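As structure tokens, the structure follows; a few thoughts come after it.
2 protein chains.
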Amino acid sequence: MPVTLVEVAARAGVSPATVSRVLNGNYPVAESTRQRVEKAVRELDYVVNAHARALLHATSGIVGVVLNDASDPFFAGIARGIQGAAAETSRLSVICNSEGDAEQEFAFLDLLRGHRADAVILVGAAPEDEEYRAAATTRAKGMLTTGTRMVLCGRPSPGEDAPGHVVEIDNEGGSAAITRHLVELGHRRIAYVTGPDGRTTTTARLAGFRRALADFGVEADENLVVHGDFSRQAGREAVERLLAAGRDFTAVLAANDLVAAGAVSALRAAGRSVPDDVSVAGYDNLPTAVDVWPNLTTVHVPLEEIGRKAIELAFGPADPQTVVTIPTAVVVRDSTAAPAAG
Amino acid sequence: MPVTLVEVAARAGVSPATVSRVLNGNYPVAESTRQRVEKAVRELDYVVNAHARALLHATSGIVGVVLNDASDPFFAGIARGIQGAAAETSRLSVICNSEGDAEQEFAFLDLLRGHRADAVILVGAAPEDEEYRAAATTRAKGMLTTGTRMVLCGRPSPGEDAPGHVVEIDNEGGSAAITRHLVELGHRRIAYVTGPDGRTTTTARLAGFRRALADFGVEADENLVVHGDFSRQAGREAVERLLAAGRDFTAVLAANDLVAAGAVSALRAAGRSVPDDVSVAGYDNLPTAVDVWPNLTTVHVPLEEIGRKAIELAFGPADPQTVVTIPTAVVVRDSTAAPAAG
DNA sequence: CTGTTAGCGCCTTCAA
DNA sequence: TTGAAGGCGCTAACAG
């Protein structure tokens, strides 16, 4: 059995209330008393029971982070920012991997609600179907009754009436910008490898790509749009399929850097040089972008900053339903160049 | 204010005790009563207060994971395994980034202890000084009094008398094996870029390197050992320093894959081809090992499996102080080859 | 400045 | 099968 406050009180020869006061430092306590209590605490190796405390305060010092997969560098980056900012207000972050499964996501939400999390941050793209949207809105409302603040991070709000702050990434803008970069280099036949179907991020990035092409009056060839997910494997397979089908393209724009890395390796395996034969661009500016050779041209997304922003919103003023859009920026490296003449 | 069990009871027209019984399903309850209670729970969107429950049970369903940095792929891999295995027993994982700082690590330990974590898993290399060892042993004993199980993961036990299970990685063996691979290819002048000084993992990997050289009767040149940390940056700088000093070497063995990736890029920048001019090998077999070109020869460490093992030990039979050593295996890819003749 | 008292929300006897 | 009562460990009034 762990040591309790009462035992500390007994050893120090004071009342439990006094021990509590010493521990919290909210009320005046005589110096000599304080010393005796602190001594007892040390001798007994006492640690306050966070649950007993949470029971009184209806707060827990816990921040829930629900994401697809913490080992994915995109999520890891954001989680890192959240963790850092949360720790600064001495709150614990609880990271929950939902594996992209809505059921699991909701299960974690309930768990975190049960733990009276101070805030829950949902990170990453969301499914786009109406059913999910309705369920998410209901959940969001439920969180309020438990006093748990909710922040969406990297996904839009499920609806006007859903409470909670939002940190959005300018996916469409970033995607348009990097497409523009390719077009300005002279590329016209650009292949696009998407993220997983039916997710907000996938849709926004693809939309940016199409918008930029349209702006330049470049006709989009739907045969050059290949569906994938956010993995290296998807990038490899997508390029292999394109090549096998004999498609003609001078550049590949990938939904993220992992996909781009896969694309590069498939191109190399097929004997195509990057960027001399084919340019490749990614998205997110993950650490791995500079491991790939040639180093990837990509869109920088300030992941840690996004995480910190989420915490800021979570514990900022309660009332407004803030939406912050994080800007992105094209980073030109070595994987893109003008297409070969001809 | 969140809904409480009492309110549910009132709405269902039963006593709080009955609601509790329905919720936990431990005692017989009439079917009709159960239905009414479940209806009330749904209508009120009730979620049990995990703290109140934890107060009774002296358990929380929380597993603490303390590591350097969750965005580092090595830690991310292990954390993923822990998370998965913990979730299977419906426990929440709390991931805490200590940034390699012993103070912070201990602070998290206290926090987790306060939350009555069911188990705490310390992941990654530990400092090697005596002071840390003593402090860690004391902490480990303290955890016991709170009923928190402790597992060390990727680090040795701080001492014979320290309680807790251990999942060790065979760092020395793996390092010796990959060194052997290089020597057998014909390399004699092998540079070694270490991890951060004074950490168990760094020491073990370096020891394996030296042992393998000694086994082959190859004389180790201390000028070829460069100290770094586990980052790309360190790999780059180490190779630059080696090159600047005009050292003669035909292979670089890196403390991990990130360091190896950095080494490769520095060599390329200096116009040395990998593996034609210089072979490079890494450690850990991180996902990024196949983004690097040429793909890295490395030592596979089954990160997720290690994480799962840690949970298994944490919640397995209480008594024995188990030590499990996870074997490693050399993975030969494209970054190593026989040295150029001459 | 310090002790006493009354719960926070839930579960677990003990009775009925 | 159900209800009433006590207490888990702590803190916030309220006295003193």
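So the sequence lines, in the order shown, correspond to chains E and Z. Just so it is clear: in the first sequence, position 94 is 94 by this note's numbering, and no numbers are missing. Every number in this note's numbering is 342 more than the matching position in the second sequence, counting from 1. Note that the Cβ used here is the ideal one computed from N, Cα and C, for glycine as well. Predicted model only: the values in this text are computed from it and were never measured.
Residue ranges of uninterrupted beta strand (DSSP E) with 3 or more members, entirely inside the region 531-603 of chain Z and ordered along the chain, are 532-535, 593-596.
Cβ proximity to chain E below 9 Å picks out GLN446, ALA449, PHE450, ASP452, LEU453, LEU454, ARG455, GLY456, HIS457 from the region 446-457 of chain Z. For THR640 (chain Z), there are no neighbours in chain E by C-beta distance under 8 Å, as the nearest C-beta there is about 13 Å away. Residues of the same chain with a CB within less than 8 Å of the CB of ASN256 (chain E), apart from the 5 flanking positions on each side, are PHE74, GLY195, PHE230, GLY282, TYR283, ASP284, LEU286 in chain order. For GLY147 (chain E), the residues of chain Z that pass the 7 Å Cβ criterion are PRO344, in the order they occur in the chain. For ARG149 (chain E), the enclosing beta strand (DSSP E) begins and ends at 149-153. For SER279 (chain E), the enclosing beta strand (DSSP E) has its first and last residue at 279-281. Rounded to whole angstroms, the gap between the alpha carbons of ALA680 (chain Z) and VAL606 (chain Z) is 17 Å. Membership of GLU502 (chain Z) in any alpha helix (DSSP H) is not indicated, and neither H nor E is assigned to it by DSSP. Of all residues in the region 395-414 of chain Z, only ARG395, ALA396, LEU397, ALA400, SER402, GLY403, ILE404, GLY406, VAL407, ASP411, ALA412, SER413, ASP414 come within less than 9 Å of chain E when Cβ atoms are compared, listed by chain position. Against chain E, the beta carbon of GLN575 (chain Z) has no neighbour under 8 Å; the closest one sits roughly 10 Å away. Among the bridge pairs identified by DSSP, ALA468 (chain Z) is matched with none. Check the Cα spacing between ILE62 (chain E) and each of E:ALA70, E:ASP72, E:HIS51, E:ALA191: the tightest is with E:HIS51. Here the region 351-361 of chain Z does not lie against the region 194-213 of chain E, with fewer than 3 beta-carbon pairs under 8 Å apart. In the structure shown, VAL345 (chain Z) falls within a coil segment according to DSSP collapsed to helix, strand and coil. When C-beta atoms of the region 163-180 of chain E are compared with those of the region 316-330 of chain E, three or more pairs fall below 8 Å, so the two segments count as touching. By the CB criterion at 7 Å, ARG139 (chain E) and LEU109 (chain E) fall inside the cutoff. With contacts defined by Cβ atoms closer than 7 Å, THR179 (chain E) and PHE209 (chain E) form a contacting pair. By a beta-carbon distance limit of 8 Å, ALA429 (chain Z) does not contact ALA421 (chain Z). Their separation comes to about 12 Å.
Just so you know, the alpha carbons of ALA556 (chain Z) and GLU312 (chain E) end up roughly 55 Å apart.
Under the Cβ distance rule, ASP118 (chain E) does not count among the residues neighbouring chain Z, no pair being separated by less than 7 Å. Under DSSP, the beta-bridge partners assigned to ASN97 (chain E) are E:LEU67. When 9 Å is used as the limit between beta carbons, VAL94 (chain E) is near these residues of chain Z: ILE404, LEU434, SER435, VAL436, ILE437, in chain order.
Against chain Z, the CB of THR336 (chain E) has no partner CB under 7 Å away; the residue lies outside that interface. The beta-carbon of ASP291 (chain E) is placed less than 7 Å from the nearest beta-carbon of chain Z. Shown in chain order are the members of the region 220-247 of chain E whose Cβ falls below 8 Å from a Cβ of chain Z: ARG232. For HIS300 (chain E), DSSP records a beta bridge to E:ASP284, E:ALA329. When Cβ-Cβ separations below 7 Å define contact, GLY77 (chain E) makes contact with chain Z. In summary, no residue of the region 7-35 of chain E has a CB separated from any CB of chain Z by less than 8 Å. Along the region 537-556 of chain Z, none of the residues has a CB nearer than 8 Å to a CB of chain E.
Within its own chain, the residues whose Cβ lies closer than 7 Å to the Cβ of PRO127 (chain E), once the five positions on either side in sequence are excluded, are ALA102, GLY198, ARG199, listed in chain order.
Chain-order list of chain Z residues neighbouring VAL48 (chain E): GLY456, by C-beta distance under 9 Å. Beta bridge pairing from DSSP links ILE463 (chain Z) with Z:VAL407, Z:VAL493. For the C-beta of THR288 (chain E), the chain Z residues within less than 7 Å are, from N- to C-terminus, THR630, ASP633. Around the beta carbon of ASP633 (chain Z), a 10 Å sphere encloses 16 or more other beta carbons of the protein chains shown; the residue is thus reported as buried. VAL508 (chain Z): member of the beta strand (DSSP E) spanning 507-511, first to last residue.
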